[in-house]
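S.K.: Can you keep this structure in mind? I'll have questions shortly.
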Amino acid sequence: MKKFAKVFLSMNILLSGLTIAQMTQPNTAEAAIKPYYVYHGSIDNQANFLLSNAFITAVKHNNVTFNNVKMDLASVKGVKMKTMQGKLIHDHYFTFYNHKKTAFSVSFYLNHSLPLKAVKKAYGKYPMKYTKFTNQYDYNVNGKHVIFSVEDGYASHVFLGNR
111 MKKFAKVFLS MNILLSGLTI AQMTQPNTAE AAIKPYYVYH GSIDNQANFL
161 LSNAFITAVK HNNVTFNNVK MDLASVKGVK MKTMQGKLIH DHYFTFYNHK
211 KTAFSVSFYL NHSLPLKAVK KAYGKYPMKY TKFTNQYDYN VNGKHVIFSV
261 EDGYASHVFL GNR
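For the sequence shown, my numbering gives the first residue as 111, with consecutive numbering after it.
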């Protein structure tokens, strides 16, 4: 009988230990959320969003929308010039291909509201190529290009897309 009691007691301890170990493990599943950025309207003097971490992260994950136009910043390879169409919406110039609703580039002018110093600070960790002839700073954000044309120390034009 003592042998049976010892076996019964040891089985109880073993099973209660397994139950406690299972209770400490969470059973929740979390969905991965892809960062995104949506912009509506004209840019005018409101270009500070270009410096926000939320916008830069959305560019990095290829999930940006301007004025209800979804951008596909990674799809330009193999596109022929004759299949491209341009369209002006507000003050944004979009480039589409093959009559799709998704644009692969957008460009817009700024009213000298974005200092170059702030651009360099926001995009400083990404590879940059400077073109002296056109005074352009081309930042490569995970294969997507954000190009700032600069005049008098301020960004005057922005191109977003893949070259």
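Note that CB positions come from ideal geometry on N, CA and C, so glycine has one too.
1) With DSSP as the reference, identify every bridge partner of Lys197, one or two as the case may be.
2) Does any heavy atom of the ligand NAP sit closer than 7 Å to the C-beta of Tyr249?
3) Per the contact definition of three or more C-beta pairs closer than 8 Å, is the stretch 161-180 in contact with the stretch 144-151?
4) Measure the Cβ-Cβ separation of Phe214 and Asp201 and say whether it is below 8 Å.
5) Quick one: Cα of Asn178 to Cα of Val148, how far?
6) Got a sec, what are the start and stop residues for the alpha helix (DSSP H) Thr175 sits in?
7) Which runs of the beta strand (DSSP E) spanning at least 3 residues fall entirely within the stretch 206-252, listed in chain order?
8) I'd like to know whether the C-beta atoms of Asn155 and Asn221 end up nearer to each other than 8 Å.
9) Quick check on Leu128: buried or exposed, where buried means 16 or more other Cβ atoms within 10 Å of its Cβ?
10) Assuming contact is defined by CB atoms lying nearer than 8 Å, are Leu226 and Gly263 in contact in what I supplied?
11) Measure the C-alpha to C-alpha separation of Thr244 and Val256 and round it to an integer number of angstroms.
12) Does DSSP put Pro145 in a helix, a strand or coil?
13) Whose C-beta lies closer than 6 Å to the C-beta of Ala131 among residues of the same chain, with five residues either side of it excluded?
M.R.: Straight from the coordinates:
1) For the purposes of this step, residue 197 is identified with residue 87 of the sequence shown, where counting begins at 1. Answer is Phe204.
2) The ligand NAP is absent from the structure shown, which contains no ligand whatsoever.
3) yes
4) Mapped onto the sequence shown, residue 214 falls at position 104. Mapped onto the sequence shown, residue 201 falls at position 91. Not in contact: Phe214 and Asp201 (Cβ atoms no closer than 8 Å).
5) The count along the sequence shown starts at 1 and reaches residue 178 at position 68. The count along the sequence shown starts at 1 and reaches residue 148 at position 38. Each residue's Cα considered, the two are about 8 Å apart.
6) Taking the sequence shown and counting its residues from 1, the one referred to as residue 175 is at position 65. Per DSSP, Thr175 belongs to no alpha helix (DSSP H); it is in the beta strand (DSSP E), 174-176.
7) 213-225, 238-241, 246-251
8) Start at 1 with the first residue of the sequence shown, and residue 155 comes out as number 45. Start at 1 with the first residue of the sequence shown, and residue 221 comes out as number 111. For Asn155 and Asn221, yes; Cβs fall inside 8 Å.
9) Locating residue 128 in the sequence shown gives position 18, counting from the first residue. Residue confidence for Leu128 is low, a pLDDT of 45 falling below 50, so the modelled location carries little weight and cannot support an answer.
10) On the sequence shown, position 116 is the one that residue 226 refers to. On the sequence shown, position 153 is the one that residue 263 refers to. Result yes, Cβ atoms of Leu226 and Gly263 sit closer than 8 Å.
11) For the purposes of this step, residue 244 is taken as residue 134 along the sequence shown, with counting starting at 1. For the purposes of this step, residue 256 is taken as residue 146 along the sequence shown, with counting starting at 1. Roughly 15 Å between the two C-alpha positions.
12) What you label residue 145 is simply residue 35 of the sequence shown in a count that begins at 1. Note: Pro145 maps to coil in three-state DSSP.
13) For the purposes of this step, residue 131 is identified with residue 21 of the sequence shown, where counting begins at 1. The predicted model places Ala131 with a pLDDT of 49, which falls under 50 and marks its position as unreliable; any figure quoted below should be read in that light. Once the five neighbours on either side are set aside, Ala131 has no close Cβ partner at all.
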